[in-house]
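Student: Going line by line, the protein sequences match chains X and V. Quick note: the first sequence uses the numbering used here, first residue 1, plus one each step. Quick note: the second sequence uses the numbering used here, first residue 1001, plus one each step. Could you have a look at this structure, given as structure tokens, before my questions?
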Amino acid sequence: MTTAAPLPAARPRALTFGNVWLSLALLAVMLAYPFVFGKALNFGVSTLIFAGLAMSWNILGGWAGQTSLGHAALLGVGAYTMTLLATPERVPAFLGGPLAPWWGTLIGMVLAVLLAAVWGGLTFRLRGSYFTLSTIAVALVIRLVAINSEWTGGAEGLFMPELPTLFGLDLFDRKVEYGLAFAFVTLTLLVTHLIRRSRLGYALQAVREDEDGARALGIDPARMKLVAFMLSAALTALGGSLYAIYLQAFEPHTLLELPISVQIALMAVIGGRTSIQGPMIGAILLATFGEVFRTVFSSANLLIYGVLILVVTLFAPNGIMGLFTRGGRRLGTAR
Amino acid sequence: MDQASLTALLQTLAQGLLTGGLYALIGTGLSLIFGVMRVINFAHGDFLAIGMFITLALFRSFNLDPYLSLLVAAPAGFALGFVIQRFVLARLGDRLGEGSMLATLGIGLIVSNTLLLTFGAQPQNINVPYATNTFQLGGVQISIPLLIAGLGTVTAIVGLNLLLYRTELGRAIRATAQNPLGAELQGVKTTQIQAIVFGLGVAFAAIAGVLLMPLLYAFPTVGENYTTKAFIVTVLGGLGNLPGAVVGGLVLGVIESLGAFYVSNNYRDAYGLVAFLLVLLLRPEGLFGRTVKRV
């Protein structure tokens, strides 16, 4: 057999370019938001942070296809590390004094990557549901430690100390926070775009579609998943630091519970885990619905998440973005 | 070991075994569902919460004894599970694995938030005179509601085994678990069977909720903790392994009690999680491997 099988026809490239334009368009909308809705900056900041978190989750959950329901732990590592290192009375003595939030954030990201390396190193031998179950357990163990340790403020949590200014900007000013959250979203978006067209991205998608097939091609699935997890962890911890500054005071209950992990995962899944902008769109959509429901039903705002996830799993398995790409492909093949 | 510390140990073990029995009941429902359909039900604890709130509502409205609520909660749980499988999960088709995880998460959110809208977030309990009664056995005190819960668990599990191994329906369920296509070819209506199995699983969770009500406070997210316990139990025993789930439940109850008594009560929930992680990593097929017969 010398004749190779005919290569499948190339996908229409227009779609990929469209992706970049779509990303830029979404960023432009986000940039315009504070000028139009200057009074609703709180909502804007938290939505952008969650959009970034959903995209960070998606590097592992979407590209590598490993559903984590423990990302709250990584969010918590970022938030707690930054806050603890910035609080004079809590910072470990050998550091000689509180650290500026950006150094604390970097250390938090490194810790999250280390955690992901150990966690993923141990669990990526497991497949599918087993990995998901392990993420729940790891996150719950970390939550228990945070609740029971004196240093982390126990169940009462932590207050954000006075923070030094960043280039003369007050970190507790909502406009500054909006700018930082925007930068966070831009960074995660950039990372996902770069991954998409990289060797890593193709390897991850191969692993997601068919792990044995990927191995036959010389890809080491466990290593690829580990790289995705570490990237996802670093970005999630970064988002955690930002979220902590936004909240100004937090407790294990607001950062480390299972529903937080579930919320992040659902945003990505509802938006579409195989697309780049899906998680961002899912986050914006769910945050908006959540906000509306909060005013109508007060606390039961997660009800809409439940209804939406059912509708999406039943009628749009590739999420909201999946509906559009399917339409796009049809157009592409019709020509 | 002196007399006092021996009594303390026996007391801790008894407490652990009885709590473990309840875990076994919850885990059995989850394991049954996984064994037949390969679905990990993330709403399991929320179905338990439904059982608790049915008991609460009947007690508040009709002053009905909590244990009589079983007559309502078990069939209601069965019907709910049947409908969910028939009209939601069955439609996922070949996307069942990943899709069912998300779908059951969604169902869980709908259940807990509906309970929140109906009953409020405040933890509520019921006052029955025997709630705090205890029973003495050689210096060991056993709470009466916990003992009743233990007996209820044994009855339910024995009943399930009779159903699975002594009836035509049970044979059909086992055939569907082993090979759905083969069963279908033999004339088993597997869609129907799967709906029945999901109904049974949910009924088991609801029964556990009823049995827990005299012992605990009910609040809309009470189930979350029990979903985790059910996962721990099934992983300890091996996913889909029913006798394993029973032993896994007892093991979890005893680990928690011993840890809480001898190490620290603050980390009560952590001992099970650590055991769970260890088993997941070292023996993903469960503590008892393949030596125990599957469903």
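Even glycine gets a Cβ: it sits at the ideal position worked out from N, Cα and C.
Report all residues from its chain with a CB closer than 8 angstroms to the CB of Gly-322 (chain X); omit the five preceding and five following residues, and keep chain order.
Tutor: Here residue 322 (chain X) refers to the residue found at position 322 of the first sequence. Closer than 8 angstroms at the Cβ level, and outside the excluded window around Gly-322 (chain X), lie Gly-272, Thr-274, Ser-275, Gly-278, Ala-316.
Student: Can Ala-1205 (chain V) and Gly-1029 (chain V) be called in contact, C-beta distance under 7 angstroms?
Tutor: The residue given as residue 1205 (chain V) occupies position 205 in the second sequence. The residue given as residue 1029 (chain V) occupies position 29 in the second sequence. Yes; because the gap between Cβ atoms is below 7 angstroms, this pair is in contact.
Student: Could you tell me the alpha carbon to alpha carbon distance between Thr-105 (chain X) and Leu-122 (chain X), rounded to whole angstroms?
Tutor: Numbered from 1 along the first sequence, position 105 holds the residue referred to as residue 105 (chain X). Numbered from 1 along the first sequence, position 122 holds the residue referred to as residue 122 (chain X). For the pair Thr-105 (chain X) and Leu-122 (chain X), the Cα-to-Cα distance works out to about 26 angstroms.
Student: Could you name each continuous beta strand (DSSP E) segment of 3 residues or more that falls completely within the stretch 1099-1186 of chain V, going from the start of the chain to the end?
Tutor: 1134-1137, 1140-1143
Student: Kindly indicate which three-state DSSP category Leu-247 (chain X) falls into: helix, strand or coil?
Tutor: Here residue 247 (chain X) is taken as the residue at index 247 of the first sequence, counted from 1. Helix, per DSSP.
Student: Write down the C-beta distance between Trp-63 (chain X) and Leu-204 (chain X) rounded to the nearest angstrom, noting that I regard them as a contact closer than 8 angstroms.
Tutor: Numbered from its first residue, the first sequence carries residue 63 (chain X) at position 63. Numbered from its first residue, the first sequence carries residue 204 (chain X) at position 204. Indeed they touch by this definition, with Cβ atoms about 4 angstroms apart.
Student: Going by C-alpha distance, which of X:Val-227, X:Thr-288, X:Ile-320 is nearest Val-118 (chain X)?
Tutor: As a first step, residue 118 (chain X) must be located in the first sequence, where it is residue number 118. Distances from the alpha-carbon of Val-118 (chain X) to those of X:Val-227, X:Thr-288, X:Ile-320 put X:Val-227 closest.
Student: At a cut-off of 6 angstroms, would you count Leu-169 (chain X) as near the ligand NAD, judging by its Cβ distance to the nearest heavy atom?
Tutor: Of the ligands one can find in the structure shown there are none, so the ligand NAD has no counterpart to examine.
Student: Looking at chain V, is there any beta carbon in it that lies within less than 7 angstroms of the beta carbon of Gly-322 (chain X)?
Tutor: Here residue 322 (chain X) corresponds to residue number 322 of the first sequence, with the count starting at 1. Not an interface residue.
Student: Taking only three categories from DSSP, how would you classify Leu-1216 (chain V)?
Tutor: Working through the second sequence from its first residue, we reach residue 1216 (chain V) at position 216. In the displayed model, Leu-1216 (chain V) falls within coil according to three-state DSSP, outside both helix and strand.
Student: To the nearest angstrom, how far is it from the Cα of Ala-1024 (chain V) to the Cα of Phe-131 (chain X)?
Tutor: To locate residue 1024 (chain V), count along the second sequence from 1; it is residue 24. To locate residue 131 (chain X), count along the first sequence from 1; it is residue 131. Taking the straight line from one Cα to the other gives about 23 angstroms.
Student: Pick helix, strand or coil for Phe-37 (chain X), following the three-state DSSP scheme.
Tutor: The residue labelled residue 37 (chain X) in the question sits at position 37 within the first sequence. Here Phe-37 (chain X) sits in coil by DSSP.
Student: With a threshold of 7 angstroms on Cβ separation, who are the neighbours of Thr-1134 (chain V) within its own chain once the five nearest residues in sequence on each side are excluded?
Tutor: Taking the second sequence and counting its residues from 1, one reaches residue 1134 (chain V) at position 134. Answer for Thr-1134 (chain V): Gln-1141, Ile-1142, Ser-1143, Ile-1144, listed in chain order.
Student: Just to confirm the assignment, what range does the alpha helix (DSSP H) spanning Thr-288 (chain X) have?
Tutor: For this step, residue 288 (chain X) is matched to residue 288 along the first sequence. Here the alpha helix (DSSP H) through Thr-288 (chain X) covers 278-297.
Student: Go through its chain and collect everything with a Cβ distance to Met-224 (chain X)'s Cβ below 6 angstroms, but skip five positions before and after it.
Tutor: Walking along the first sequence from the start, residue 224 (chain X) turns up at place 224. Hits under 6 angstroms: Ala-203, Leu-204, Val-207.
Student: If the cut-off is 9 angstroms on Cβ atoms, which residues from the stretch 299-316 of chain X count as contacting chain V, listed in chain order?
Tutor: Ser-299, Ala-300, Asn-301, Leu-302, Leu-303, Ile-304, Tyr-305, Gly-306, Val-307, Leu-308, Ile-309, Leu-310, Val-311, Val-312, Thr-313, Leu-314
Student: Please state whether DSSP places Ala-137 (chain X) in a helix, a strand or coil.
Tutor: Taking the first sequence and counting its residues from 1, one reaches residue 137 (chain X) at position 137. In the three-state reduction of the DSSP assignment, Ala-137 (chain X) falls in the helix class, which pools H, G and I.
Student: If we cut at 7 angstroms on Cβ distances, does Gly-130 (chain X) have a partner in chain V?
Tutor: If you number the first sequence from 1, residue 130 (chain X) lands on position 130. For clarity, residue 130 (chain X) is Tyr in the given sequence; the question names Gly instead. Output row for Tyr-130 (chain X): interface = yes.
Student: In this structure, what does DSSP give as the bridge partners for Leu-166 (chain X)?
Tutor: For the purposes of this step, residue 166 (chain X) is taken as residue 166 along the first sequence, with counting starting at 1. Answer is X:Leu-169.
Student: Once DSSP output is grouped into helix, strand and coil, what is the label at Leu-95 (chain X)?
Tutor: Working through the first sequence from its first residue, we reach residue 95 (chain X) at position 95. Looking at Leu-95 (chain X) - three-state DSSP - the assignment turns out to be helix.
Student: Should the stretch 296-307 of chain X be called in touch with the stretch 60-79 of chain X, which here means at least 3 C-beta pairs below 8 angstroms?
Tutor: no
Student: Is Phe-1053 (chain V) closer than 7 angstroms to Phe-1119 (chain V) when the C-beta atoms are compared?
Tutor: What you label residue 1119 (chain V) is simply residue 119 of the second sequence in a count that begins at 1. What you label residue 1053 (chain V) is simply residue 53 of the second sequence in a count that begins at 1. Contact flag set, yes.
Student: Whole angstroms are fine: how far does the CA of Gly-201 (chain X) sit from the CA of Ala-249 (chain X)?
Tutor: Within the first sequence, numbered from 1, the residue matching residue 249 (chain X) stands at position 249. Within the first sequence, numbered from 1, the residue matching residue 201 (chain X) stands at position 201. Whole-angstrom Cα-Cα distance: 37 angstroms.
Student: Note down the Cα distance separating Arg-125 (chain X) from Val-1188 (chain V), rounded to an integer number of angstroms.
Tutor: Counting from 1 along the first sequence, the entry for residue 125 (chain X) is found at position 125. Counting from 1 along the second sequence, the entry for residue 1188 (chain V) is found at position 188. For Arg-125 (chain X) and Val-1188 (chain V), the distance between alpha carbons rounds to 36 angstroms.
Student: At which residues does the alpha helix (DSSP H) containing Pro-252 (chain X) begin and terminate?
Tutor: One-based indexing of the first sequence puts residue 252 (chain X) at position 252. Pro-252 (chain X): member of the alpha helix (DSSP H) spanning 252-255, first to last residue.
Student: Thinking just about the alpha-carbon of each residue, which of X:Gly-239, X:Ala-214, X:Glu-150, X:Arg-199 is nearest to the one in Phe-184 (chain X)?
Tutor: One-based indexing of the first sequence puts residue 184 (chain X) at position 184. Nearest C-alpha to Phe-184 (chain X): X:Gly-239.
Student: Which of helix, strand or coil does DSSP assign to Phe-159 (chain X)?
Tutor: As a working note, residue 159 (chain X) is residue 159 in the first sequence. Here Phe-159 (chain X) sits in strand by DSSP.
Student: Consult DSSP for Asn-1241 (chain V) and reduce its assignment to one of helix, strand or coil.
Tutor: For the purposes of this step, residue 1241 (chain V) is taken as residue 241 along the second sequence, with counting starting at 1. Reduced to three states, the DSSP call for Asn-1241 (chain V) is coil.
Student: Just to confirm my understanding: we take Arg-90 (chain X), look at its own chain, exclude 5 residues before and 5 after, and list those with CB closer than 7 angstroms. What are they?
Tutor: Here residue 90 (chain X) refers to the residue found at position 90 of the first sequence. Cβ within range, chain order: Leu-84, Trp-151.
Student: Under 9 angstroms Cβ-Cβ, which residues of chain X neighbour Leu-1092 (chain V)?
Tutor: Counted from its first residue, the second sequence places residue 1092 (chain V) at position 92. Under the 9 angstroms cutoff, chain X gives Thr-313, Leu-314, Pro-317.
Student: For Ser-1000 (chain V), which option in X:Ser-149, X:Thr-313, X:Pro-88, X:Pro-221 has the closest C-alpha, if you only look at C-alpha atoms?
Tutor: Because chain V spans 1001 through 1295 in this model, residue 1000 (chain V) falls outside it and cannot be assessed.
Student: List the residues of chain X that Leu-1116 (chain V) touches, going by C-beta distances under 7 angstroms, in chain order.
Tutor: What you label residue 1116 (chain V) is simply residue 116 of the second sequence in a count that begins at 1. Under the 7 angstroms cutoff, chain X gives Ser-299, Ala-300.
Student: Have a look at Leu-1117 (chain V) and Phe-297 (chain X) and give me their C-alpha separation to the nearest angstrom.
Tutor: Position 117 of the second sequence, counting from 1, holds the residue named residue 1117 (chain V). Position 297 of the first sequence, counting from 1, holds the residue named residue 297 (chain X). Cα to Cα, the separation comes out at about 8 angstroms.
Student: So, with DSSP's three-state summary, where would you put Asn-148 (chain X)?
Tutor: By 1-based counting over the first sequence, the position of residue 148 (chain X) is 148. Here Asn-148 (chain X) sits in helix by DSSP.
Student: List the whole-angstrom C-beta distance separating Gly-1051 (chain V) from Ala-1208 (chain V), where the pair is believed to meet the contact cut-off of C-beta under 8 angstroms.
Tutor: Within the second sequence, the letter at position 51 stands for residue 1051 (chain V). Within the second sequence, the letter at position 208 stands for residue 1208 (chain V). Gly-1051 (chain V) to Ala-1208 (chain V), Cβ: 7 angstroms. Contact.
Student: Flag Phe-1231 (chain V) as yes if its beta-carbon sits less than 7 angstroms from any beta-carbon of chain X, otherwise no.
Tutor: Taking the second sequence and counting its residues from 1, one reaches residue 1231 (chain V) at position 231. Closer than 7 angstroms: yes.
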